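Quick notes on the structure that follows.
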Amino acid sequence: MEGSQCLPILQHKATLTKLVKDNVFLVVTGETGSGKTTQLPQYLYEAGLWKGGIIGITQPRRVAAITVAQRVSQEMHFTLGKEVGYQVRFDDCTSQATVVKYMTDGCLLREILADPGLSQYSVVILDEAHERSLNTDILLGLLKKTLLQADKGSKDGSVRLRVVVMSATLETDKLSTFLGHCPVFTIPGRTFPVTSRFGNAIGPKEVDSSRYVNEVVRVALEVHVSEVAGDILVFLTGQSEIEKACDMLYEKAESIDYRYDVQDQTVEGLLILPLYGSMPTDQQRQIFQAPPSGIRKCVVATNIAATSLTINGIKYIVDSGFVKQLNHNSRVGMDILEVVPISKSEAQQRAGRAGRTSAGKCFRIYSNEFWEKCMLDYTVPEIQRASLTSVVLTLKCLGVHDVIRFPYLDHPEERLLLEALKQLYQFDAIDRRGQVTQLGRLIMEFPLHPGLTRALLKAAAYGCEDILLPLAAMLSVENIFIRPGTAKQKEADKKQRNMAAQSGGMNDFATLLSVFQWCKASDSPSAWCKENWIHWRALKSAFSIETQLREILLRLQQVKDFPVETFAGNKSELFRRCLCTGYFTNVARRSIGKIFSTMDGHGTAVHVHPSSSLFDQEAELDWVIFHDMMVTSRVYLRTVCPIRYDWVKDLLPKLHEVDAYELSNIAREEVNEEELAKLESKEAKRQKDTAKKLEKRNDETSVGDARARYLQRKLERQHKL
DNA sequence: GAGCACTGC
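In terms of my numbering, the first sequence opens at residue 134 and continues consecutively.
This is the structure in structure tokens:
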């Protein structure tokens, strides 16, 4: 490990310290390896800034916050958790003595909710701002808003809180302009040159996955037989592609005569290693081991290798040019995971992975034309492509009433904000004036999706929170069911079907709950998971989340007046009724055959996913609720359970009443009372009409869903062909 | 009849 004595930042110590002291906002840029993350906080500590409050540094990722804090505490000869500490979810390693604090951006956002002025801090450093994480973007806007206001108000000219934004050298002018034309300081980087070359396999017209998988395999092997020693990193988009590419590499590498010389260096063989997020952690660790001498390592990875994990010894990059990206489509109210071309800045980031220890080479399989025509300069920031429901509630809770005119570094489409407002209104988290309700404040306390929190709170009122707490935890972690490629797939599927049947069947929510309970009750939870094809890592985090949710609920029950309700029916019904209060936005009704139609106003034609315990049982179903929709070959509902129309009857009109008045008005500062009254009376009428219509629809035996019929005809035609 | 990248509270 290199000492901090030779870092390029060192010679700028005095200038940097002075700049921070003299300015409310400062932008610091520098490539990886400049030492800004570890050194700047130390300089500010030495300059005595900690006397005015904590020096806080945010990171977009947990591991980064923890490892950097460890390193800095060592460099400063402090015990971790004393003067230097870190805080991430489930792990608070700070104390009264902590003055240099590394944390995730999400943690700081939570702190702002409790203390909007961040009175404990003297400096806040937002690191990795170029990554444009949702939380960092919100923090940027909030700090700009509060500090510029405070600045105007303070008469003595003294500055209490300073903000430093650290970013890679991209878009620094934009940041500076955003922060009132604040100074920008650039630290020279210390990376090695990487030469990039384009290929010709992917042009503007090709987007076929088998094409780029074949091509990266071909190029990786070409690198292997023609380039000097050094490891290869291949970027693809997901698990199945990676497994396919690895299989092809094994096969083809075997047919190569291993002993050949490349410019007088003997490279004997190729060690092929897959790398993706859902891989077990111990398997991931293998990636970091140096290969045996004379063997070249080839890591085939997802974007996880672009920022989250750094592999030493990489000299060659093979870039497919694609990434899987989760985009929220506000037109249909759906999240869609799609393969898209990476941006130019992302391509440079990938290439940079080859220049960390020596000069490197990057082989892009796409053409120059593809680069010019298909790739954006920068990746669209998360705030412009994510669902903003939680973000808007956060802002409202912080007193930002006008979320449309909030200072965003990049403004999200108004439609996205309106959709979020609409959802919050549907959940009764905000009222028709756009003010946060009491329920809204409760919802904010939980690190969960608002609908899920609403269901949990309902359950707490009925005294059955013991069912909803584990379920909420299970629904907030990644997919827990393992589905191996080919060989053992049937065995895994069978286990999972058995588990669904044992938990009562016909209810995917109940299956999740059972898995949680069975695993918790077993003597060896990790062994139980292995036996039942369950991701132990995911279940472990569900356990932690459940504990955290339980603590929050208990705390709130002690201070707030919780409503208490009673219910006479059976337990399964109560469970599903509670779910309905949070999932009434996710209701679908079977229209014809196996086709369902969503009740959210879009009327999307959807199918039950084959992994569901309700699959092939559609004939018995009428109304269902679901946790999420997924778009692949069809639009699928996943995690589904049957409900009765009665349970959602009173809730459904709420889905339509938002059309009754201009939502954009409730987002803005001024509310015209007269207008509002007019709209409200109109709305009451519409609400009645909608309720009637729904009632009528429910009575009809054959549903006149034109869209579903059209799809059915289309499918029939396809089958004939 | 199955196609989930990566983060975070």
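The C-beta atom is built at its ideal place from N, Cα and C for all residues, glycine as well.
From a predicted model like this one, the values you see are computed outputs, not experimental measurements.
Q. Who are the Cβ neighbours of I271 in its own chain at under 8 Å, not counting the five residues just before and after it?
A. Within the first sequence, the letter at position 138 stands for residue 271. Contacts found: L242, I516, V524, T527 and L528.
### Query
For Y595, which residues does DSSP report across the bridge?
On the first sequence, residue 595 is found 462 positions in, with the first residue counted as 1. Beta-bridge pairing links Y595 to no other residue.
### Message
For K555, count the other beta carbons within 10 Å of its own beta carbon; 16 or more makes it buried, fewer makes it exposed. Which is it?
### Response
For this step, residue 555 is matched to residue 422 along the first sequence. Residue environment for K555: buried (at least 16 other C-beta atoms within 10 angstroms of its C-beta).
Extent of the continuous alpha helix (DSSP H) run through G715 = Taking the first sequence and counting its residues from 1, the one referred to as residue 715 is at position 582. Its alpha helix (DSSP H) spans residues K704 to Y716.
- [ ] Report yes if the C-beta distance between V233 and V221 is below 8 Å; otherwise report no.
- [x] As a working mapping, residue 233 is identified with position 100 in the first sequence. As a working mapping, residue 221 is identified with position 88 in the first sequence. Taking 8 Å as the cut-off, the beta carbon of V233 is found no closer than this to the beta carbon of V221.
Exercise. Three-state secondary structure (DSSP) at S309?
Worked result: The residue you call residue 309 lines up with position 176 of the first sequence. Helix, per DSSP.
Starting from the C-beta of D397, find all residues in its chain whose C-beta is less than 6 Å away, skip the five residues before and the five after it, and write them out in chain order. Numbered from 1 along the first sequence, position 264 holds the residue referred to as residue 397. Since pLDDT at D397 reaches only 48, below the 50 mark, its modelled position is unreliable, and the value read off the structure follows with that caveat. Same-chain partners within the cutoff: there are none.
Pull up the distance between the alpha-carbon of A654 and that of W661, whole angstroms please. On the first sequence, residue 654 is found 521 positions in, with the first residue counted as 1. On the first sequence, residue 661 is found 528 positions in, with the first residue counted as 1. Using only the alpha carbons, I get a separation of about 10 Å.
List the residues that DSSP assigns as beta-bridge partners of Q458. Here the question's residue 458 lines up with position 325 in the first sequence. E471, per the DSSP bridge assignment.
Original post:
Does DSSP classify M763 as helix, strand or coil?
Top reply: In the first sequence, the residue the question calls residue 763 occupies position 630. DSSP places M763 in strand when its eight states are reduced to three.
Q.
Given a cut-off of 8 Å on the beta-carbon distance, is the pair E679 and P580 in contact?
A. Sequence index remark: in the first sequence, residue 679 carries index 546 (1-based). Sequence index remark: in the first sequence, residue 580 carries index 447 (1-based). No, Cβ-Cβ distance for E679 and P580 is not below 8 Å.
- prompt: Nearest-angstrom Cα distance between A553 and P540?
  reply: Walking along the first sequence from the start, residue 553 turns up at place 420. Walking along the first sequence from the start, residue 540 turns up at place 407. Distance between the alpha carbons of A553 and P540: 17 Å.
Open item on the list: Taking only three categories from DSSP, how would you classify I516?
Closed with: Within the first sequence, numbered from 1, the residue matching residue 516 stands at position 383. Three-state result, I516: helix.
Cα-Cα separation between K307 and L542, rounded to whole angstroms: Here residue 307 refers to the residue found at position 174 when the first sequence is read from its first residue. Here residue 542 refers to the residue found at position 409 when the first sequence is read from its first residue. So the alpha carbons of these two residues sit roughly 8 Å apart.
I need the boundaries of the beta strand (DSSP E) containing M299, first residue and last residue. On the first sequence, position 166 is the one that residue 299 refers to. Element bounds for M299: R295 to S300.
TODO: Compute the Euclidean distance between the alpha carbons of D225 and Y219, then round it to the nearest angstrom.
DONE: Taking the first sequence and counting its residues from 1, one reaches residue 225 at position 92. Taking the first sequence and counting its residues from 1, one reaches residue 219 at position 86. Distance between the alpha carbons of D225 and Y219: 6 Å.
request  = Look at the Cβ atom of E304, then the Cβ atom of Q192, and state whether they are nearer than 8 Å.
outcome  = Counting from one through the first sequence, the residue named residue 304 turns up at place 171. Counting from one through the first sequence, the residue named residue 192 turns up at place 59. Result no, Cβ atoms of E304 and Q192 do not sit closer than 8 Å.
Provide the residue span of the beta strand (DSSP E) that contains S730, from first to last. If you number the first sequence from 1, residue 730 lands on position 597. I728 to T731 is the extent of the beta strand (DSSP E) around S730.
Is the beta carbon of L608 sitting closer than 8 Å to the one on L645?
Here residue 608 refers to the residue found at position 475 of the first sequence. Here residue 645 refers to the residue found at position 512 of the first sequence. Result yes, Cβ atoms of L608 and L645 sit closer than 8 Å.
Per-residue burial, L354 [other beta carbons within 10 Å of its own, 16 or more giving buried] = What you label residue 354 is simply residue 221 of the first sequence in a count that begins at 1. The residue in question, L354, is buried, as its Cβ has 16 or more Cβ neighbours within 10 Å.
Touch check for the segment 155-169 and the segment 312-329: three-plus C-beta pairs under 8 Å? yes
Element boundaries [alpha helix (DSSP H), containing F676]
Residue mapping note: residue 676 aligns to position 543 of the first sequence, counting from 1. Segment W669 to V692, the alpha helix (DSSP H) holding F676.
Just to confirm, is the Cβ distance from A588 to L601 under 8 Å? As a first step, residue 588 must be located in the first sequence, where it is residue number 455. As a first step, residue 601 must be located in the first sequence, where it is residue number 468. Yes, these two residues count as a Cβ contact at 8 Å.
Taking the straight line between their C-alpha atoms, what separation do you get for A620 and K628?
On the first sequence, residue 620 is found 487 positions in, with the first residue counted as 1. On the first sequence, residue 628 is found 495 positions in, with the first residue counted as 1. So the two alpha carbons sit approximately 15 Å from each other.
Should G702 be labelled buried (16 or more other beta-carbon atoms within 10 Å of its own) or exposed?
By one-based count along the first sequence, residue 702 stands at place 569. Result: exposed.
Decide yes or no for the touch test of the segment 328-340 against the segment 427-438: beta carbon pairs closer than 8 Å, at least 3 of them.
no
Using CA coordinates, which residue listed in V513, I450, V157 and L406 is at the minimum distance from S266? As a first step, residue 266 is located in the first sequence; it is residue number 133 there, counting from the start. Here the closest residue by C-alpha is V513.
- Message: Would the segment 441-452 count as touching the segment 375-391 if we require 3 or more Cβ pairs under 8 Å?
- Response: no
> From F223 to T269, what distance separates their C-alpha atoms?
Replying inline: What you label residue 223 is simply residue 90 of the first sequence in a count that begins at 1. What you label residue 269 is simply residue 136 of the first sequence in a count that begins at 1. Distance between the alpha carbons of F223 and T269 is about 20 Å.
| query | Between which two residues does the alpha helix (DSSP H) harbouring C379 extend? | reply | The residue labelled residue 379 in the question sits at position 246 within the first sequence. Run containing C379: Q372 to E387, per the alpha helix (DSSP H) assignment.
- Query: Which word fits T684, buried or exposed, when buried means at least 16 other C-beta atoms lie within 10 angstroms of its C-beta?
  - Reply: Locating residue 684 in the first sequence gives position 551, where the first residue counts as 1. Reading off the sequence shown, one finds Glu at residue 684, where the question assumed Thr. By the neighbour-count rule (16 or more Cβ atoms within 10 Å), E684 is not buried but exposed.
Review point. Taking the alpha-carbon positions, what's the T237 to T279 distance?
Key: For the purposes of this step, residue 237 is identified with residue 104 of the first sequence, where counting begins at 1. For the purposes of this step, residue 279 is identified with residue 146 of the first sequence, where counting begins at 1. Approximately 21 Å between the Cα atoms of the pair.
What residue range does the beta strand (DSSP E) around V768 cover? Working through the first sequence from its first residue, we reach residue 768 at position 635. Looking at the DSSP string, the run of the beta strand (DSSP E) that includes V768 is V768 to I776.
Legend entry - Check whether L707 and F717 have beta carbons under 8 Å apart: Counting from 1 along the first sequence, the entry for residue 707 is found at position 574. Counting from 1 along the first sequence, the entry for residue 717 is found at position 584. L707 places its beta carbon 8 Å or farther from that of F717.
- Item | Span separating the alpha-carbon of S647 from that of S636 | Looking up residue 647 in the first sequence gives position 514. Looking up residue 636 in the first sequence gives position 503. If you take the alpha carbons of S647 and S636, they lie about 6 Å apart.
Have a look at V349 and L459 and give me their C-alpha separation to the nearest angstrom. Stepping through the first sequence from its first residue, residue 349 is reached at position 216. Stepping through the first sequence from its first residue, residue 459 is reached at position 326. Cα-Cα distance, rounded: 23 Å.
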